[in-house]
Structures are given as C-alpha cells and as structure tokens.
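A.B. asks:
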Amino acid sequence: VRVFIHPSSINFKLRHFETQWVAFLEKVQTTKTFLKEVSTVPVFALLLLSCCDIEVQASCGLICLDGWIHLRCPGLIGTYVRSLKVLFDALLDDFYTQILANTEAPPGRRTKSLDSSQGQQAYSSTTPTTCSSSSSLSVDLFSGAEGERLRNDISQLVKRLVEYEGHRL
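The sequence shown runs contiguously to residue 172 in my numbering.
1) Could you tell me how far apart the beta carbons of residue 43 and residue 31 are, in whole angstroms, since I believe they sit closer than 8 Å?
2) With a cut-off of 8 Å, do at least 3 Cβ pairs link the stretch 34-41 to the stretch 8-18?
3) Beta strand (DSSP E) containing residue 23: first to last residue?
4) Out of 71, 105 and 65, state which residue places its alpha-carbon closest to the alpha-carbon of residue 55.
5) Going by CA-CA distance only, name the one from 148, 46 and 69 that's closest to residue 76.
6) Between residue 158 and residue 83, what straight-line distance do the alpha-carbon atoms span, to the nearest angstrom?
7) Could you work out which residue in 64, 81, 34 and 63 is closest to residue 57 when comparing CA atoms only?
8) Got a sec? Which residues, its chain only, sit under 7 Å from residue 14 by beta carbon, not counting five neighbours each side?
Right under this line is the structure:
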C-alpha cells in the first residue's frame, strides 16, 4: 500500500527520511491515502520497543518481528539483538515492578498481561504489561550492586542505540 504524508503534517515538505519506519496518529483516505501527524521511528526503537517476538533467520540474513516485519540483519547480530531485547524486557519489567510496588494503581485502571501457562490475557492492577517470557529473571538479574551496574550499562547502551536515528542493520 502506498501512502503519502498529509499536507497538514509538519513533515510534509521533507523529501528524505533517515528511516523508512514511521508512527502516525491517523490514516485518512481522500484523493490518496494520507498519514497525519507522522514521526520517524529508529530501527532500534522498532526492535526494542514495538515488537514482542524476534525470530532470527540466519540463513536468509533476516530477522522477523512479530511474524510480519522483515529486516536485513546478519545472523550473529540478530542473535545479539534478540538477547538485548530479552534483557531490555527484563529491565523494563524490573523498573515497572519497582514503580508499582511503591505506588498504588488508580481505581479502575488495569493493565493487560499474558498468562503464559494458559495463553490468555489476564487483567491486574499491579502487573506490568510485557511481551517478555523472561520476566521471572528480572527480580534476580537486577538485584544488588552488580544488578545496578548491569541495569546502568544496559540503559546506556539502549539509549545510544535508540537515539541513533535511522540505524540500518
């Protein structure tokens, strides 16, 4: 499907984007299919923040995100990215678990989580939403001084990767 940036968008006059991935608020159909309120999305943000499953297809030189987004990537790098995604998910789980332990959820506000044993969505006012199957790792993985160092190292690495606009694998 071919789409166009809507003339009302601040990015309408741009002729070149640093990345081929965009996030948008609204898609409208008039004389053409237009996207409104468009922002570019760096590849590492796509890898670490938007997908739940990373399948490395080393023989093809691809990684597949959630079964439908295919990116060129050498097999070894894809394996590293998948490992970083697992650690990043554990870091986020740990972060939100600590926040939720120190605050009370507003009444009526619930988050979805996946019950991995049943494959069904469950609702809880204290369970952070995650796609990671490694959330049980987060409690032990990031505890103590070594955990704090690891958390800081991963945070700095992820920050640098995500801020690197348009990084191509």
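The beta carbon of each residue, even a glycine, is placed where N, CA and C say it ideally should be.
C.D. replies: According to the structure shown:
1) With a beta-carbon spacing of about 20 Å, residue 43 and residue 31 fall beyond the 8 Å limit used to define contacts.
2) Three or more Cβ pairs drawn from the stretch 34-41 and the stretch 8-18 lie within less than 8 Å of each other, which places the two stretches in contact.
3) Residue 23 -> no beta strand (DSSP E), and no H or E assigned at all.
4) Relative to the Cα of residue 55, the nearest Cα in the group 71, 105 and 65 belongs to 71.
5) Among 148, 46 and 69, the Cα nearest to that of residue 76 is on 46.
6) Distance between the alpha carbons of residue 158 and residue 83: 16 Å.
7) It is 81 whose Cα lies nearest to the Cα of residue 57.
8) Same-chain partners within the cutoff: 8 and 41.
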